[in-house]
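Participant:
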Amino acid sequence: MPSCLGKTLIIANPAAQNGNGAAAAEKAGRLLTASLGEDAPTIVVTEGARHAEEIAAQARDVTSVIALGGDGVAHEVANGLMRLPAETRPALGLIPVGSGNDYARTIGMTCDVDRACAQLLASVPRPADIGSVNGRYFVETLSFGLDAAIALDTVERRKRTGRTGTILYIEAGINQLLHHLTVGRYTASFDGGPAIAGESITFAVQIGPTYGSGFVICPEARIDDGLFDMCIAHPPVSVQRAILIFALAKSGRHTVFKQMEFLRAHTLHVEFDEAPPAQTDGEPLEGRIFDIQVESSALNVLMPTPLPS
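Following my numbering, the numbering of the sequence shown begins with 269 at its first residue and continues without gaps.
1. Do the CB positions of H502 and S468 come within less than 8 Å of each other?
2. Identify the continuous alpha helix (DSSP H) that holds L512 and give its terminal residues.
3. Put N568 into one of helix, strand or coil per three-state DSSP.
4. Return yes when the Cβ of L420 is within less than 8 Å of the Cβ of Q547, no when it is not.
5. Quick one, are the C-beta atoms of I398 and L336 less than 8 Å apart?
6. List the residues that DSSP assigns as beta-bridge partners of A501.
7. Using the three-state DSSP reduction, which class does H319 fall into: helix, strand or coil?
8. When the Cα atoms are used, what is the spatial distance from S565 to L299?
9. Can you name the residues that DSSP bridges to G361?
10. Are the CB atoms of R351 and A327 within a distance shorter than 8 Å?
11. Who are the near neighbours of V313 in its chain, counting only those whose CB is closer than 6 Å to its CB and skipping five residues on each side?
12. Do E529 and Y454 count as a contact pair if the criterion is CB distance below 8 Å?
13. Leaving out the 5 sequence neighbours to the left and right, which residues in its chain are closer than 8 Å to R404 when beta-carbon positions are compared?
14. Can you list, in chain order, the residues of its chain with a C-beta nearer than 6 Å to that of Q527? Leave out the 5 residues immediately preceding and following it.
15. Relative to the C-alpha of G550, which residue among G361, P487 and D370 is closest?
16. Can you give me the Cβ contacts of P487 inside the same chain, cut-off strictly under 8 Å, excluding the 5 residues immediately before and after it?
17. How about S391 and L570: are their beta carbons less than 8 Å apart?
18. From what residue to what residue does the beta strand (DSSP E) around Q547 run?
19. For H343, count neighbouring C-beta atoms within 10 Å of its own C-beta (all shown protein chains included) and say buried if the count is 16 or more, exposed if not.
20. Give every residue of the same chain whose Cβ lies closer than 7 Å to the Cβ of L436, excluding the five residues on either side of it in the sequence, and list them in chain order.
21. Which residue's Cα is closest to the Cα of G466: V451, G460, N286 and R394?
22. Can you tell me which of I511, D459, P544 and E542 puts its alpha carbon nearest to the alpha carbon of T535?
23. So, under 8 Å CB-CB, G482 and T434 are touching, yes? Tell me the CB distance rounded to an integer number of Å.
24. Determine, using beta carbons only, whether Q444 and L414 come nearer to each other than 8 Å.
25. Out of curiosity, what's the CA-to-CA distance linking P393 and A359?
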């Protein structure tokens, strides 16, 4: 069966795979070239923040753009692609060699260059939802409060130590739970409804089910249903209970606790009394007032298998 990749651009984060992102991109290029022939991929290695976005925004003459790295490069590439006209927008593919890889996990891509290339060659572009917050797009996760503080702490620890993986997120989580368990006050309107005042420790808005390198915060979330899935953790929550909820969220078993509220919506307007820690796909986000919406089926994504029902 011929591949549907067509003319392909690989955008690689050189810092991925413990600094071996460029070498991983060269390997992927060789593997894909062997099958694609005259459509051998072009490889561009990023040189700094937002460079992947700018490269993707200029990818007007390709069929597929493959983000090689973690959630950060996927986030940037998706933002770049969304700047192109929908009718000519290339499909997004992933070769996940980052530290979190939550979006790759959601679409079923493996974190191995050889196997990921084989998956891409057999993939089919499928329409997927994408979220937008104050004009910035996200493919998997947006969160405010404790979980965002954990995600941002994880990034800082990764930069400082060079370590990666779930254990780093757990370390950051324990640190935040023990020392920074604070309450955020907000007013929210879902799908244009009445404003509702509330308090939260965690406020997650998900396209896909996971964040933080595999924590299943919204187990029922799908990337093709045109909806956000939201998880709001309301106070009061003791430190001991918060640690238990955090541990169970790794496998999605935190849903039984009365402090956890789960909602779905197409749009959300939320105003916090004070600017909370916030992140989109692991990237920091600033502000106090956020307009959030789903753009249904706005991005074609190269998926190796149909999404589970």
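A virtual CB, placed ideally from N, CA and C, is assigned to each residue, including glycine.
Facilitator: Let me lay it out:
1. Yes, they are a contact pair.
2. Where L512 is concerned, the enclosing alpha helix (DSSP H) stretches over V507 to A517.
3. N568: strand per DSSP, three-state reduction.
4. Against a cut-off of 8 Å, the Cβ pair of L420 and Q547 comes out as a contact.
5. Result no, Cβ atoms of I398 and L336 do not sit closer than 8 Å.
6. Within the DSSP secondary-structure output, A501 pairs in a beta bridge with T470 and M528.
7. DSSP places H319 in helix when its eight states are reduced to three.
8. The straight-line gap from Cα to Cα measures roughly 30 Å.
9. Residue pairing from DSSP places G361 in a beta bridge opposite I334.
10. No, the pair does not count as a contact, with Cβ atoms beyond the cut-off.
11. Hits under 6 Å: A280, P282 and A290.
12. Not closer than 8 Å, so no.
13. Only N347, T548 and L553 meet the Cβ criterion.
14. For Q527, where only same-chain residues beyond five positions count, the Cβ hits under 6 Å are A501, H502 and V505.
15. It is D370 whose Cα lies nearest to the Cα of G550.
16. Answer for P487: P477, G520 and T523, listed in chain order.
17. It is a contact, given that the beta carbons lie within the stated cut-off.
18. Note, Q547: beta strand (DSSP E), A546 to T548.
19. With 16 or more Cβ atoms within 10 Å of its Cβ, H343 is classed as buried.
20. Excluding sequence positions up to five before and after L436, its CB lies within less than 7 Å of the CB of T422, R425 and R426, all in the same chain and listed in chain order.
21. For the residues V451, G460, N286 and R394, the minimum Cα distance to G466 belongs to V451.
22. T535 has its Cα closest to that of D459, out of I511, D459, P544 and E542.
23. Contact holds; Cβ gap of about 6 Å.
24. Their beta carbons are under 8 Å apart, which means Q444 touches L414 by this criterion.
25. Looking at the backbone, the Cα of P393 and that of A359 are separated by about 7 Å.
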